[in-house]
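In this note's numbering, the protein residues as written are 32 to 219.
Ideal placement from N, C-alpha and C gives every residue a C-beta, glycine not left out.
In this text the structure is predicted, and so the values were computed from the model without any measurement.
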């Protein structure tokens, strides 16, 4: 705590020399996130009450009796610590509780989030239903395409029937135009 007071005094001096107002942070999650960003490589996960497992070395570690979290009524799933003290056990000092998502965010080279079995099953169901939906959409699109193609084939056959002209010599000729209008006017 002496080091904390010293750093606080330095920051207060810098703020007053720059003529800035000193404001207290009301959101402690921001402070804990900053600590997590600095100490993500020294993280531990809860094994039992007071006992944690170092996430990088898998060595069991314990909360030091002088730690503020040692006498808490509840335990935290993930913590970061400043130093280990080696006695009969490995004790962690200067401990702060953090969120597991923060560890994955700040230390992606060391940590990743695994989905629970329930989440994986839900993800598989969504993926399967998505595939079925895509198959149904593909089938409907194929049917629509077939109907369009059948319609154009039928339209082509009816247009060729309409375009036939019978000449006096009983020969059938086809033309590219559908109708020809000829006007014959005679003057007397």
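In this structure, the CA atom of residue 162 is about 10 Å from the CA atom of residue 156. Shown here, residue 57 sits in coil according to DSSP, grouped into three states, outside any helix or strand. Taking 9 Å as the cut-off, the Cβ atoms of residue 103 and residue 123 do not count as close. Between the alpha carbons of residue 97 and residue 135 lies a gap of roughly 28 Å. Rounded to the nearest angstrom, the gap between the Cα atoms of residue 85 and residue 152 is 29 Å.
In its chain, beyond the 5 residues on either side, 53 have a beta carbon closer than 8 Å to the beta carbon of residue 43.
Segment contact: the region 114-122 against the region 65-72, fewer than three CB-CB distances shorter than 8 Å; contact not assigned.
Here DSSP, grouped into helix, strand and coil, assigns residue 114 to strand. Excluding sequence positions up to five before and after residue 110, its CB lies within less than 6 Å of the CB of 75, 126 and 128, all in the same chain and listed in chain order.
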